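Here is the structure we will look at.
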Amino acid sequence: MIDEIAGNNAQFTAWRQDIHQHPELGFEEQRTAKLVTDKLTEWGFDEVHTGIAKTGVVGVLRGKTLAARTIGLRADMDALAMTENNQFAHASLNQGKMHGCGHDGHTTMLLAAAWYLAKHRDFSGTVHFIFQPAEEGLAGAKAMMDDGLFERFPCDRVYGIHNMPGIPQGEFWFREGPLLASSDRFTIDVHGKGGHAAMPQHAVDPMLIVSAIISGAQTIVSRNTAPLDSAVLSFTDLHAGSGTFNVIPDTASMRGCIRSFNDAVREHAIQRLEQLVASTAHAYGATATLTIHPGSYPATVNDPQATQLATDVARAVVGDAKVNPDCLPISGSEDFSFMLQAVPGCYVFLGNGVEGETGGVSVHNPSYDFNDNIIPVGASYFVQLIKRELPSR
Numbered sequence: 053m054i055d056e057i058a059g060n061n062a063q064f065t066a067w068r069q070d071i072h073q074h075p076e077l078g079f080e081e082q083r084t085a086k087l088v089t090d091k092l093t094e095w096g097f098d099e100v101h102t103g104i105a106k107t108g109v110v111g112v113l114r115g116k117t118l119a120a121r122t123i124g125l126r127a128d129m130d131a132l133a134m135t136e137n138n139q140f141a142h143a144s145l146n147q148g149k150m151h152g153c154g155h156d157g158h159t160t161m162l163l164a165a166a167w168y169l170a171k172h173r174d175f176s177g178t179v180h181f182i183f184q185p186a187e188e189g190l191a192g193a194k195a196m197m198d199d200g201l202f203e204r205f206p207c208d209r210v211y212g213i214h215n216m217p218g219i220p221q222g223e224f225w226f227r228e229g230p231l232l233a234s235s236d237r238f239t240i241d242v243h244g245k246g247g248h249a250a251m252p253q254h255a256v257d258p259m260l261i262v263s264a265i266i267s268g269a270q271t272i273v274s275r276n277t278a279p280l281d282s283a284v285l286s287f288t289d290l291h292a293g294s295g296t297f298n299v300i301p302d303t304a305s306m307r308g309c310i311r312s313f314n315d316a317v318r319e320h321a322i323q324r325l326e327q328l329v330a331s332t333a334h335a336y337g338a339t340a341t342l343t344i345h346p347g348s349y350p351a352t353v354n355d356p357q358a359t360q361l362a363t364d365v366a367r368a369v370v371g372d373a374k375v376n377p378d379c380l381p382i383s384g385s386e387d388f389s390f391m392l393q394a395v396p397g398c399y400v401f402l403g404n405g406v407e408g409e410t411g412g413v414s415v416h417n418p419s420y421d422f423n424d425n426i427i428p429v430g431a432s433y434f435v436q437l438i439k440r441e442l443p444s445r
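So the sequence shown is numbered by the working numbering: it starts at 53 and just counts up by one.
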């Protein structure tokens, strides 16, 4: 842990709580991006670039010694479209918007690391501080890359952190290879033939067809995916009819998602679902379409060498007892996966606290809040990563 960072945590906490009070959705993070830009400029960054993928910011900081090696550090800035339940002083002032996943804390940890490194510059090479918009379902990482992120700011490695309730405060959990699952969101539209509920022989009932699709789709996991592989296929939304008791509707529509840790499993599951949807509808005399929506995320896959180095750094920051080097993967998804497809690196979970204690409420919960006690932990980790990756000469 870096004492200078820990000693300034009251200021960092004020920044974090200010961001929390003013949440902004994906590609709308104007206020947050300005705060980041103003801080980096104030601290004398060599370059500050704005407007990348609309609201993204990249700060370029060069060490005291020139060197070709470059490291990227990334934080996401966007909030969720949900209403906050908390009543504390820094609760959201923007109705229907909330930092329910801790991106306010991620941004602050990276700002704290930027503050320290700008003061000392005790490294050789260049650090790119990547403040990313629109992680929550809008693939802001990919949007920044499509806008030339790694062509304009090349990185030899890239690192990121996600806070995690359920992990004890200040612990680091790592995993080489797949850490988070891919996520493919889909809609299925079934077109049958409506009619009177008392005379179903004259109709083609889409309600029956969607129930058959839901049941049949579960075999994609249980019978089409190898037992040592894994996949999740969930149906989450179903609409049909107009609130009547005696009318068979013409159409039905449902939504869901497919998640896996392996590209081959992912592609096979999508292919099988497409076949099952079409064939089931045909068997009942109807038609159906499967639409995979833009914004799907690949699996988040950590590079082994970068993960080993990052694990060693975390041990130096918090001690061996607070580092889990081989945690189980989680079936949630994260668009840092796009960056890891282009550049080797490591994504890590940082414990926000356990249930019943500070920071223990789950992310995406209206009562969640980021645990400000872990700001110095994440910031010190980022700084020590840079010192290890870009040692001063």
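A virtual CB, placed ideally from N, CA and C, is assigned to each residue, including glycine.
Predicted, not measured: the structure shown is a model, and the values here were computed from it.
Express the C-alpha separation of residue j and residue i in angstroms, rounding to a whole number.
i	j	result
alanine 338	valine 415	41 angstroms
leucine 162	alanine 269	42 angstroms
proline 356	leucine 132	32 angstroms
valine 353	histidine 254	52 angstroms
arginine 121	histidine 101	20 angstroms
proline 75	serine 144	7 angstroms
isoleucine 123	cysteine 207	5 angstroms
glycine 430	aspartate 128	14 angstroms
alanine 165	glutamate 228	24 angstroms
aspartate 98	serine 432	22 angstroms
glycine 115	histidine 72	31 angstroms
histidine 142	phenylalanine 202	35 angstroms
arginine 173	valine 435	10 angstroms
phenylalanine 224	serine 234	22 angstroms
arginine 68	isoleucine 54	19 angstroms
threonine 84	alanine 330	45 angstroms
Looking only at its own chain, which residues have a Cβ that is under 6 angstroms from the Cβ of residue i, when we skip the five neighbours before and after it?
i	result
proline 428	Ile57, Ala58 and Asn61
arginine 367	Val375
histidine 345	Arg237
proline 230	Phe313, Ala351, Val353 and Pro381
proline 377	Phe226 and Thr363
alanine 358	Arg209, Pro396, Gly397 and Cys398
aspartate 199	Ile104 and Ala105
For residue i, which residues from the same chain have a beta carbon less than 7 angstroms from its beta carbon, with the 5 sequence-adjacent residues on both sides left out?
i	result
proline 252	Ile300
alanine 195	Ala105 and Ala186
glutamine 393	Pro350
valine 256	Gly244, Lys245, Tyr336, Gly337 and Ala338
threonine 343	Phe238 and Thr239
Pull up the CB-CB distance for residue i and residue j, whole angstroms please, since I reckon it's below 8 angstroms.
i	j	result
aspartate 130	glycine 192	7 angstroms
valine 112	phenylalanine 205	7 angstroms
valine 400	isoleucine 213	6 angstroms
aspartate 241	threonine 341	5 angstroms
valine 88	phenylalanine 183	5 angstroms
histidine 313	serine 282	This sequence places phenylalanine at residue 313; histidine is not what is there. Confirmed, about 6 angstroms.
phenylalanine 226	threonine 363	5 angstroms
glutamate 188	glycine 308	Between glycine 308 and glutamate 188 the Cβ distance is about 18 angstroms, and since that is not below 8 angstroms, they are no contact.
asparagine 298	alanine 250	7 angstroms
threonine 159	phenylalanine 64	11 angstroms between Cβ atoms; not a contact.
alanine 321	threonine 277	7 angstroms
Beta carbon of residue i, beta carbon of residue j: below 9 angstroms?
i	j	result
glycine 403	glycine 397	no
glutamate 407	proline 217	yes
phenylalanine 422	aspartate 156	yes
glycine 154	glutamate 136	no
proline 418	methionine 134	yes
histidine 451	aspartate 302	There is simply no residue 451 to check, as the chain begins at 53 and stops at 445 in what is shown.
isoleucine 438	valine 262	no
leucine 92	valine 210	no
serine 176	leucine 361	no
arginine 440	valine 370	no
leucine 325	leucine 260	no
alanine 333	isoleucine 265	yes
alanine 119	arginine 445	yes
serine 383	leucine 280	no
Please list, in chain order, all residues of the same chain as residue i whose beta carbon is under 8 angstroms from its beta carbon, the five residues on each side excluded.
i	result
glycine 96	Ala170
proline 220	Lys374, Gly403, Gly405 and Val406
glutamine 82	Glu76 and Thr107
alanine 292	Pro258, Met259, Val262, Pro301, Thr303, Ala304 and Ser305
aspartate 70	Leu87 and His142
aspartate 424	Asn61, Phe64, Thr65, Arg68, Gln69 and Gly157
Original post:
Of all the alpha helix (DSSP H) runs that stay within the bounds of the region 258-314, which reach a length of 4 or more residues?
Top reply: The region 258-314 contains these whole alpha helix (DSSP H) runs: 258-274.
Subject >> Contained alpha helix (DSSP H) runs [length at least 4] in the region 148-212, N- to C-terminal order >> reply: List check, alpha helix (DSSP H) in window: 155-172, 192-198 and 201-204.
Original post:
Which whole runs of the beta strand (DSSP E) in the region 335-413 are 3 residues long or more, in chain order?
Top reply: Listed in chain order, they are 339-344, 352-354 and 397-405.
Original post:
Along the chain, which unbroken stretches of the beta strand (DSSP E) at least 3 residues long are found entirely within the region 70-116?
Top reply: Counting only unbroken stretches of 3 or more residues, the beta strand (DSSP E) elements lying wholly within the region 70-116 are 99-104 and 108-114, in sequence order.
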